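The opening residue of the sequence shown carries number 1 in the working numbering; numbering runs sequentially from there. Glycine included, C-beta positions come from ideal geometry on N, C-alpha and C. Computed from a predicted structure; not experimentally measured.
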Amino acid sequence: MAEMEHERCNAERLMEGYSLGPRDHEKKTSPYLVRWEELPDDVKEYDRAAVRKIPDLLGKACFEIYRLKQ
1 MAEMEHERCN AERLMEGYSL GPRDHEKKTS PYLVRWEELP DDVKEYDRAA VRKIPDLLGK
61 ACFEIYRLKQ
């Protein structure tokens with residue numbers, strides 16, 4: 001799911017006009033507009049952290065996550 005979050009973030013940035021380059025919000029460039037495999041581990045952790053927050057965010061919206069019985 002973290003890899004999917006990275007792809008979502010990349011798509012969002014590209015739609016906002018960002019391109020690959022040194023990190024500069026004014027110039028809309030980011031060095032992280034690359035495939036998941038090319039990201040440094042510390043940057044991957046941002047996406048993992050976002051995914052770990054999903055259950056709490058859903059809970060605040062009165063949704064529940066549970067395992068289906070097999």
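Sequence-distant residues of the same chain with beta carbon closer than 6 Å to Arg-48, five excluded per side: Residue 48 sits at position 48 when you count from the first residue of the sequence shown. These residues qualify, in order along the chain: Ala-2.
Applying the 10 Å Cβ sphere with the 16-neighbour rule, what's the burial state of Ser-19? Taking the sequence shown and counting its residues from 1, the one referred to as residue 19 is at position 19. With fewer than 16 other Cβ atoms within 10 Å, it is exposed.
Cβ neighbour criterion (16 or more within 10 Å) applied to His-6: Numbered from 1 along the sequence shown, position 6 holds the residue referred to as residue 6. The residue is buried, with at least 16 neighbouring Cβ atoms inside 10 Å.
In the DSSP assignment, what residue or residues form a beta bridge with Leu-20? Indexing the sequence shown from 1 puts residue 20 at position 20. The bridge partners DSSP lists for Leu-20 are Ser-30.
Alpha carbon to alpha carbon, how far is Val-51 from Phe-63? Give it in angstroms, no decimals. Translated into the one-based positions of the sequence shown, residue 63 becomes position 63. Translated into the one-based positions of the sequence shown, residue 51 becomes position 51. Those two C-alpha atoms are separated by around 16 Å.
Go ahead and pull the three-state DSSP assignment for Ala-11. Position 11 of the sequence shown, counted from the start, is the residue given in the question as residue 11. Three-state result, Ala-11: helix.
Straight-line Cα distance separating Lys-69 from Arg-23: In the sequence shown, the residue the question calls residue 23 occupies position 23. In the sequence shown, the residue the question calls residue 69 occupies position 69. Rounded to the nearest angstrom, the two C-alpha atoms are 46 Å apart.
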